[in-house]
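A.B. asks: Input: one structure, supplied below.
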Amino acid sequence: MSRLFLTVALAAPLTLLSLPSNAALRVLACEPEWGALAQELGGSLVEVSVATSALQDPHQIQARPSLIARARNADVVVCTGAELEIGWLPVLLQQSGNAKVQAGQPGNFAAADFVRKLDVPVQLDRSQGDVHAGGNPHIQTDPRNIALVAVALAARLQQLDPAHAQEYAKAQAAFAQRWQQAVTRWTAQAAPLKGVTVASQHKAFVYLYDWLGLKEVVVLEPKPGVEPTASHLQTVLAKLKATPARMVLYAAYQDSRPSDWLTQNAGVPAVKLAFTVGGTDGAKDLFGLFDDTVARLLAAASKP
Ligand SMILES: [Zn+2]
Numbered sequence: 000m001s002r003l004f005l006t007v008a009l010a011a012p013l014t015l016l017s018l019p020s021n022a023a024l025r026v027l028a029c030e031p032e033w034g035a036l037a038q039e040l041g042g043s044l045v046e047v048s049v050a051t052s053a054l055q056d057p058h059q060i061q062a063r064p065s066l067i068a069r070a071r072n073a074d075v076v077v078c079t080g081a082e083l084e085i086g087w088l089p090v091l092l093q094q095s096g097n098a099k100v101q102a103g104q105p106g107n108f109a110a111a112d113f114v115r116k117l118d119v120p121v122q123l124d125r126s127q128g129d130v131h132a133g134g135n136p137h138i139q140t141d142p143r144n145i146a147l148v149a150v151a152l153a154a155r156l157q158q159l160d161p162a163h164a165q166e167y168a169k170a171q172a173a174f175a176q177r178w179q180q181a182v183t184r185w186t187a188q189a190a191p192l193k194g195v196t197v198a199s200q201h202k203a204f205v206y207l208y209d210w211l212g213l214k215e216v217v218v219l220e221p222k223p224g225v226e227p228t229a230s231h232l233q234t235v236l237a238k239l240k241a242t243p244a245r246m247v248l249y250a251a252y253q254d255s256r257p258s259d260w261l262t263q264n265a266g267v268p269a270v271k272l273a274f275t276v277g278g279t280d281g282a283k284d285l286f287g288l289f290d291d292t293v294a295r296l297l298a299a300a301s302k303p
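Quick note: the sequence shown, position 59, residue 58 per numbering that gives the first Met the number 0, numbers continuous.
Printed below as a string of structure tokens:
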């Protein structure tokens, strides 16, 4: 009798732990913007977890055991690709031992495969720093790219979970409509930004420039991923004397000191951009991300 009780008592918590969740697909997103997009398209059909926060550098994170466990249990990993995660994702996927999410499998989704890449090097020269062979990976700074990725991601969710294909298709159609309206609004609001000169800390915003017509005159990092040195900052100052910038942009995850230095030494206002969902208080979701980005750029551009 007591033995039976013990068995039941021990078995109960295990049963609870192994209860399947109601979600049809477990999604592991590499960055918050893709986690947010998967949630928009999957709703209650997906259980989303995100590998990085908006305050972490997505180029380099540690593949901690808890993250490896999440990769092991994922039905699909949704990442940027274009080598953004080359420093940690291949190791993470390998250590996960999860065949479904390996490169080339339907459970491995790379957002950058579905947009036109900018800054694709004609010649690959790694001595030029952390140069990405597949082009600039920071595609999420143009909302038109988000729309393209949404179409591809919805199709992938349908492929992975055909039983709910109609629901994903419906969610995608609704999202596409709301998003298109928002893009039209942002584009109109941001019209005064066309031709505005900017500096940036990292080559993180080329897609944003391509969308809004901002003109980058100088980058504070001497090479991608390399912190600016004092001597390089002097070169930057000289360049800005010839071609002044109206603002210097940095992403929420970055240390603002190089931008602050430029503010102090050249009077160029520093503008923190969320860069992804959660990067600023206003960037609570994908819509908030661009509401907030456009508002911050306009505020800086309206300063005399
Ligand atoms: Zn980068």
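All C-beta atoms in this analysis are idealised placements derived from N, C-alpha and C, irrespective of residue type, glycine included.
Does the beta carbon of Gly224 fall short of 8 Å from some heavy atom of ligand 1?
C.D. replies: Numbered from 1 along the sequence shown, position 225 holds the residue referred to as residue 224. The answer is yes for Gly224.
A.B. asks: Inspect the beta-carbon positions of Val276 and Ala282 and report whether they are closer than 9 Å.
C.D. replies: Mapped onto the sequence shown, residue 276 falls at position 277. Mapped onto the sequence shown, residue 282 falls at position 283. Against a cut-off of 9 Å, the Cβ pair of Ala282 and Val276 comes out as a contact.
A.B. asks: Which residues in the same chain have their Cβ closer than 7 Å to the Cβ of Thr6, if we skip the five residues on either side of it in sequence?
C.D. replies: Counted from its first residue, the sequence shown places residue 6 at position 7. With a pLDDT of only 43 at Thr6, under 50, the local geometry of the prediction cannot be trusted, and the value read off the model is given with reservation. Cβ neighbours of Thr6 beyond the five flanking positions: none.
A.B. asks: What would DSSP say about Ser167, mapped onto helix, strand or coil?
C.D. replies: On the sequence shown, position 168 is the one that residue 167 refers to. According to the sequence displayed, residue 167 carries Tyr and not Ser. Three-state result, Tyr167: helix.
A.B. asks: Give a single yes or no on whether His58 has its beta carbon closer than 8 Å to a heavy atom of ligand 1.
C.D. replies: What you label residue 58 is simply residue 59 of the sequence shown in a count that begins at 1. Yes, since a heavy atom of ligand 1 falls inside the 8 Å radius drawn around the Cβ of His58.
A.B. asks: With three or more beta-carbon pairs closer than 8 Å as the criterion, would you say the stretch 150 to 157 touches the stretch 93 to 113?
C.D. replies: Touching, per the Cβ criterion.
A.B. asks: What residues match up with Glu39 in a beta bridge as DSSP calls it?
C.D. replies: For the purposes of this step, residue 39 is identified with residue 40 of the sequence shown, where counting begins at 1. According to DSSP, which records beta bridges pairwise, Glu39 is partnered with nothing at all.
A.B. asks: Please report the straight-line C-alpha distance between Thr279 and His137, rounded to a whole angstrom.
C.D. replies: Counting from 1 along the sequence shown, the entry for residue 279 is found at position 280. Counting from 1 along the sequence shown, the entry for residue 137 is found at position 138. Rounded to the nearest angstrom, the two C-alpha atoms are 18 Å apart.
A.B. asks: Given 8 Å as the limit, tell me if Lys202 has its C-beta closer than that to any heavy atom belonging to ligand 1.
C.D. replies: In the sequence shown, residue 202 corresponds to position 203, counting from 1. Yes, the beta carbon of Lys202 sits closer than 8 Å to at least one heavy atom of ligand 1.
A.B. asks: Is Leu83 near ligand 1, going by C-beta to nearest heavy atom under 8 Å?
C.D. replies: As a first step, residue 83 must be located in the sequence shown, where it is residue number 84. Flag set: Cβ of Leu83 near ligand 1.
A.B. asks: Going by the C-beta, is Asn144 closer than 8 Å to any heavy atom of ligand 1?
C.D. replies: As a first step, residue 144 is located in the sequence shown; it is residue number 145 there, counting from the start. No, since every heavy atom of ligand 1 falls outside the 8 Å radius drawn around the Cβ of Asn144.
A.B. asks: Please confirm whether Ala273 and Ala300 have their CB atoms less than 9 Å apart.
C.D. replies: Translated into the one-based positions of the sequence shown, residue 273 becomes position 274. Translated into the one-based positions of the sequence shown, residue 300 becomes position 301. No.
A.B. asks: Rounded to whole angstroms, what's the CA-CA distance from Trp178 to Val205? Just pull it up for me.
C.D. replies: Here residue 178 corresponds to residue number 179 of the sequence shown, with the count starting at 1. Here residue 205 corresponds to residue number 206 of the sequence shown, with the count starting at 1. C-alpha separation (whole angstroms): 21 Å.
A.B. asks: From this set, Ala265, Asp209, Tyr208 and Met246, which residue's C-alpha is nearest Thr234's C-alpha?
C.D. replies: In the sequence shown, residue 234 corresponds to position 235, counting from 1. Ranking the options by Cα distance to Thr234, first place goes to Ala265.
A.B. asks: Can you tell me whether DSSP reads Arg256 as helix, strand or coil?
C.D. replies: On the sequence shown, position 257 is the one that residue 256 refers to. If DSSP states are grouped into helix, strand and coil, Arg256 belongs with the helices.
A.B. asks: Quick one: is Leu288 buried, meaning 16 or more other Cβ sit within 10 Å of its Cβ, or exposed?
C.D. replies: Locating residue 288 in the sequence shown gives position 289, counting from the first residue. Classification for Leu288: buried.
A.B. asks: With hydrogens ignored, establish whether the beta-carbon of Pro136 is closer than 8 Å to any heavy atom of ligand 1.
C.D. replies: Indexing the sequence shown from 1 puts residue 136 at position 137. At least one heavy atom of ligand 1 is nearer than 8 Å to the Cβ of Pro136, so yes.
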